[in-house]
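Step one of this worksheet: look at the structure below.
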Amino acid sequence: MKEVDSQNSPLYTNARVIVICLDAMLIMLGFGIIAPSMAFYLIALEGGLTQPPGPGYVVPGEVVAEFSVILGVMMAAFMGTRTLLARYWGGVSDTRGRRPVLITGLFGYVLLLILFGLAQDWVQLVLIRCLQGVVSAMVWPVAEAALMDIVGHRRRGEGMGLYMLISNVGFVVGPGLGGLLYNFCRDVLLLGVPDVFRVPYYIGALITLPAALMTIVVVKETSPGRSQTQAGAPSEASADAVRLSESSSVIDKAPAPDVRRMMRALYLMSAANGLAMGLGQPLLQLFLMSRISSDIGLIGLIVSGAGVTGLLFSIPAGRWSDRRGRKNLAVFGGLGARSSLAVLPLTTDLAQTSCVWVVQSAMMSVSEPALRAIQTDVVPWHLRGKLFGTLQAFFNAGATVGPLLGGALYSVFSLVVFAIGPFTLYGFVVPFWIAAILGLIAVSVLWRFVQETAPLAVVHETSEDTDSV
Numbered sequence: 226m227k228e229v230d231s232q233n234s235p236l237y238t239n240a241r242v243i244v245i246c247l248d249a250m251l252i253m254l255g256f257g258i259i260a261p262s263m264a265f266y267l268i269a270l271e272g273g274l275t276q277p278p279g280p281g282y283v284v285p286g287e288v289v290a291e292f293s294v295i296l297g298v299m300m301a302a303f304m305g306t307r308t309l310l311a312r313y314w315g316g317v318s319d320t321r322g323r324r325p326v327l328i329t330g331l332f333g334y335v336l337l338l339i340l341f342g343l344a345q346d347w348v349q350l351v352l353i354r355c356l357q358g359v360v361s362a363m364v365w366p367v368a369e370a371a372l373m374d375i376v377g378h379r380r381r382g383e384g385m386g387l388y389m390l391i392s393n394v395g396f397v398v399g400p401g402l403g404g405l406l407y408n409f410c411r412d413v414l415l416l417g418v419p420d421v422f423r424v425p426y427y428i429g430a431l432i433t434l435p436a437a438l439m440t441i442v443v444v445k446e447t448s449p450g451r452s453q454t455q456a457g458a459p460s461e462a463s464a465d466a467v468r469l470s471e472s473s474s475v476i477d478k479a480p481a482p483d484v485r486r487m488m489r490a491l492y493l494m495s496a497a498n499g500l501a502m503g504l505g506q507p508l509l510q511l512f513l514m515s516r517i518s519s520d521i522g523l524i525g526l527i528v529s530g531a532g533v534t535g536l537l538f539s540i541p542a543g544r545w546s547d548r549r550g551r552k553n554l555a556v557f558g559g560l561g562a563r564s565s566l567a568v569l570p571l572t573t574d575l576a577q578t579s580c581v582w583v584v585q586s587a588m589m590s591v592s593e594p595a596l597r598a599i600q601t602d603v604v605p606w607h608l609r610g611k612l613f614g615t616l617q618a619f620f621n622a623g624a625t626v627g628p629l630l631g632g633a634l635y636s637v638f639s640l641v642v643f644a645i646g647p648f649t650l651y652g653f654v655v656p657f658w659i660a661a662i663l664g665l666i667a668v669s670v671l672w673r674f675v676q677e678t679a680p681l682a683v684v685h686e687t688s689e690d691t692d693s694v
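Counted the way our numbering counts, the sequence shown spans residues 226 to 694.
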């Protein structure tokens with residue numbers, strides 16, 4: 226069958242592409258609003274805070290150490306249920322349809338944000354985080370699979386770059402907006418603890434609701450199991466199915482052992498990346514509140530500023546990966562991001578922390594579009610939902626263990642000081658460095674075991690090999 230030139234297919238004007246990207250953006254915006262204050266909310270519910278934190282206020286290190294394990298349990302609860310169900314919901318989306326799974330997950334996000342704002346203790350927070358993992362498994366792998374169904378194989382890198390750009394707008398704007406909202410609740414509404422932390426969850430639910438409504442109206446089915454209409458009547462969805470089935474991946478033509486080897490490498494890399502991310506996620510919040518600043522408004526603005534820098538790289542990096550190759554770009558960005566994580570705990574003030582954060586955000590934005598495109602190139606269309614779910618399951622498995630390990634390590638090492646000759650090294654750097662090393666291991670797996678998959682790069686290399694014979 227003739228291959229479709231997806232370079233000519235719509236991307237930036239495709240309503241379904243834009244809505245899927247907006248779904249991710251609104252979820253990230255809702256999460257970004259609550260992110261700066263989540264750890265404070267936990268501590269407040271358990272009586273560790275007696276007043277809303279403000280400028281010049283730093284939570285005592287012993288209080289942070291006391292609650293670090295519980296924070297790790299909260300994050301692990303989310304990732305644990307997501308790990309167990311990501312492959313399942315991905316498989317359901319392949320056979321039963323992506324659209325109903327996605328819509329159900331989006332409405333689930335709205336409901337659980339409301340419940341989060343009503344929580345009374347850490348046990349309820351953990352239970353709600355478990356349920357958030359369920360709906361997250363329904364949304365993220367399925368949304369990415371639907372997006373890749375639509376964009377075509379020649380623009381996967383650019384399509385994923387656009388997806389990351391738009392979705393990251395939510396996480397860029399969210400923390401800054403969340404910080405301002407917290408300041409408004411504290412200084413204008415004069416809310417006390419813990420009510421001052423509840424309002425962002427209700428606002429997050431209102432922000433996420435339009436995502437579900439837009440998906441109902443705009444997004445059509447792209448799943449191979451549901452894209453053919455009854456009685457053989459052609460439709461836009463079935464036309465997409467024909468176009469997509471004709472658009473075969475370059476890697477589909479590779480020998481089966483190579484594909485299996487690359488999939489195993491991607492699984493291992495996903496697990497290592499998840500473990501590194503899971504370690505780093507609670508560490509960053511704990512480090513900031515106990516060592517740098519507890520000003521939620523300022524922290525939110527700094528996170529947003531770093532995110533803006535990352536946004537500038539997403540689409541250019543995606544285009545580069547489509548035209549010049551994916552692998553080298555993914556490796557370069559991964560090395561930069563993990564090295565930045567190792568430097569982060571050595572910073573001593575908000576200015577230094579912000580600079581390192583900006584570099585890390587930029588490097589992640591360089592690496593991620595290329596890495597996601599590699600994953601899509603390797604996976605056949607008819608198994609995309611299931612195997613995307615499997616990749617996320619490996620990532621989530623690491624990210625489930627990571628917060629538990631990170632919280633425990635921070636509790637043990639945060640108050641320890643190592644004297645190394647004339648130098649003084651604080652113990653909280655240890656879990657950061659472990660996370661960075663795990664991330665570097667993931668990058669080395671990518672470099673060693675995954676071959677180039679970008680269509681243009683592969684064609685170019687093949688023609689050179691033919692000429693040399």
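In this text, a Cβ means the ideal position worked out from N, Cα and C, and glycines have one as well.
A straight line joining the alpha-carbon of A633 with that of V444 spans about 43 angstroms. Inter-residue distance for F613 and P647 is about 49 angstroms (C-alpha atoms, whole angstroms). Judged by DSSP secondary structure, Y651 falls outside any alpha helix (DSSP H) and instead within the beta strand (DSSP E) spanning 648–651.
Under the DSSP definition of a beta bridge, I645 partners with F648. For T238, the secondary structure class from DSSP, reduced to helix, strand or coil, is coil.
Looking at the backbone, the Cα of L526 and that of V484 are separated by about 43 angstroms.
Its Cα nearest to that of P280, the residue I521 stands out among W347, I521, L372. Going by DSSP, Y407 is part of the alpha helix (DSSP H) stretching over 381–412. It is roughly 14 angstroms from the alpha-carbon of N553 to the alpha-carbon of M589.
In the DSSP assignment, L372 falls within the alpha helix (DSSP H) that extends over 347–376.
In the structure shown, Y426 falls within a helical segment according to DSSP collapsed to helix, strand and coil. In this structure, the CA atom of V398 is about 10 angstroms from the CA atom of S392. The beta carbon of L340 is closer than 6 angstroms to those of I353 in its chain, skipping five residues each way along the sequence. Scanning M304, G358, A240 for the CA closest to the CA of L504 turns up M304. Of the residues assessed, Y635 falls on the buried side of the cut-off, its CB having 16 or more other CB atoms within 10 angstroms. Going by DSSP, Y266 is part of the alpha helix (DSSP H) stretching over 263–270.
V326 places its beta carbon 8 angstroms or farther from that of M514.
Taking C-beta atoms as the reference points, P419 and L296 fail to come closer than 8 angstroms. By the CB criterion at 8 angstroms, F657 and L493 fall outside the cutoff. Going by beta carbons, V603 and L511 fall outside the 8 angstroms limit.
A501 and P285 have their C-alpha atoms some 26 angstroms from each other.
Annotated three-state conformation of T572 is coil, per DSSP.
Sorting T329, I659, L387, R486 by C-alpha distance to the C-alpha of A436 places T329 at the top.
Short of 7 angstroms from the beta carbon of P570, and not among the five residues preceding or following it, lie these beta carbons of its own chain, in chain order: F512, F653, V654, F657. In this structure, DSSP gives D520 a state outside helix and strand, which the three-state scheme calls coil.
Between the stretch 623–633 and the stretch 406–417 there are fewer than three inter-stretch CB-CB distances shorter than 8 angstroms, so the stretches are not counted as touching.
In the three-state reduction of the DSSP assignment, G322 falls in the coil class, being assigned neither a helical nor a strand state. The three-state secondary structure of S448, taken from DSSP, is coil. If you draw a straight line from the Cα of A598 to the Cα of M385, it is about 7 angstroms long.
The beta-carbon distance between L387 and L596, rounded to whole angstroms, is 15 angstroms. This is too long to meet the 8 angstroms contact definition. For the pair E383 and D547, the CB atoms are nearer than the 8 angstroms cut-off. Using a Cβ distance threshold of 8 angstroms, V556 and W672 count as a contacting pair. Rounded to whole angstroms, T308 and L331 show a C-alpha spacing of 18 angstroms. It is roughly 37 angstroms from the alpha-carbon of R549 to the alpha-carbon of L575. In this chain, the alpha helix (DSSP H) harbouring P656 covers 654–674. Residue environment analysis places E287 among the exposed positions, since fewer than 16 neighbouring C-beta atoms fall within 10 angstroms of its C-beta.
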